[in-house]
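Under my numbering, the first residue of the sequence shown is numbered 1, with each subsequent residue one higher.
Note that beta-carbon positions come from the ideal geometry of N, C-alpha and C, so glycine has one too.
Predicted, not measured: the structure shown is a model, and the values here were computed from it.
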Amino acid sequence: MIEIPSDLHPDLVPLVFLLGKWTGAGVTDFPGQEKANFGQEVTFSHDGRDFLEYVSHSWILDAEGNKVKPLETESGFWRVDKDRKVEVVMTRDTGVVEIWYGELAAQKPQIDLVTDAVARTAASGPYTGGKRLYGYVKSDLMWVGEKATPEVELRPYMSAHLKKTVTPEEVEAMAKNLPDLPDDGIAFFR
């Protein structure tokens, strides 16, 4: 179940499904780069203003699922307007800053984004733009990213399947708010 925090800015209600900490794994594959499995941790948070704060850390995984080395870090801000148009400002540790525009699908928690502007530092690798699709599917967050460079046309390069992570503090709060269970514990499920 998706809960709407009482202090969430009203404009952000269509994006409420993104809120929280998500962890999972995916695959990265792009010409000129090593194909690999990766782990990812994503956090969408808010402070009452009209944007979500976004932070993503990913790392290469070995065959046993252990962290090998950092892959990519992103951070940014997500907004949505009354017409369900989404805008994202994102920075990457590789020296890339992007502005993304897209929209929230009608009647489902899915967001399609396309880069509108890309700025790169001298240290960043070649990159001309991208597309992303985010979807909330059976309580999980899934996404796929496409990218283009001067040498490679737009193509998928990363995708991940993330599950919501519950912190110890959230578990404690849930435990305090549990209803009284019947003596046998089974009647609760009837």
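| field | Proximity below 7 Å, CB of LYS131 to CB of GLU103 | value | Counting from 1 along the sequence shown, the entry for residue 131 is found at position 131. Counting from 1 along the sequence shown, the entry for residue 103 is found at position 103. Going by C-beta atoms, LYS131 is not nearer than 7 Å to GLU103.
| Run through DSSP, which three-state label would PRO109 get? | If you number the sequence shown from 1, residue 109 lands on position 109. Here PRO109 carries a coil assignment [DSSP, helix/strand/coil].
| said: Please list the terminal residues of the continuous beta strand (DSSP E) segment that includes GLU156. | reply: Here residue 156 corresponds to residue number 156 of the sequence shown, with the count starting at 1. Reading the sequence as shown, one finds Pro at residue 156 and not Glu. Here the beta strand (DSSP E) through PRO156 covers 155 to 165.
| Closest residue to ILE111 among LEU154, VAL80, ALA119 (Cα-Cα distance) | Along the sequence shown, one-based indexing puts residue 111 at 111. The shortest C-alpha separation from ILE111 is found at VAL80.
| Considering only C-alpha positions, which residue in the set ALA36, GLY26, SER6 is nearest to TRP143? | Walking along the sequence shown from the start, residue 143 turns up at place 143. Among ALA36, GLY26, SER6, the Cα nearest to that of TRP143 belongs to GLY26.
| field | Reduced DSSP secondary structure (H/G/I, E/B, other) of PRO10 | value | The residue you call residue 10 lines up with position 10 of the sequence shown. Correct three-state label for PRO10: helix.
| message | By the DSSP assignment, the beta strand (DSSP E) with GLU98 in it spans what residues? | response | Against the sequence shown, residue 98 aligns to sequence position 98. If you look at GLU98, you'll find it in the beta strand (DSSP E) that goes 96 to 104.
| task | Reducing DSSP to helix, strand and coil, say where VAL16 ends up. | result | To locate residue 16, count along the sequence shown from 1; it is residue 16. The answer is helix: DSSP assigns VAL16 an H, G or I state.
| said: I'd like to check one pair, PHE77 with VAL96: are the Cβ atoms closer than 7 Å? | reply: Taking the first residue of the sequence shown as 1, we reach residue 96 at position 96. Taking the first residue of the sequence shown as 1, we reach residue 77 at position 77. No, they are not a contact pair.
| If we count Cβ pairs, one from each stretch, closer than 8 Å, do we get three or more for the segment 136 to 151 versus the segment 159 to 168? | Output reads yes: the segment 159 to 168 touches the segment 136 to 151.
| For PRO70, three-class secondary structure by DSSP | What you label residue 70 is simply residue 70 of the sequence shown in a count that begins at 1. In the three-state scheme derived from DSSP, where H, G and I count as helix and E and B as strand, PRO70 is classed as strand.
| Can you tell me whether DSSP reads GLU151 as helix, strand or coil? | Translated into the one-based positions of the sequence shown, residue 151 becomes position 151. It is coil, neither helix nor strand.
| message | Residues in the same chain with beta-carbon distance under 6 Å from PRO109, minus the five sequence neighbours each way, listed in chain order, please. | response | The residue labelled residue 109 in the question sits at position 109 within the sequence shown. So the qualifying residues of the chain are PHE17, TYR136.
| request: Would you list the one or two residues that DSSP bridges to LYS21? | output: Against the sequence shown, residue 21 aligns to sequence position 21. Beta bridge pairing from DSSP links LYS21 with THR43, THR165.
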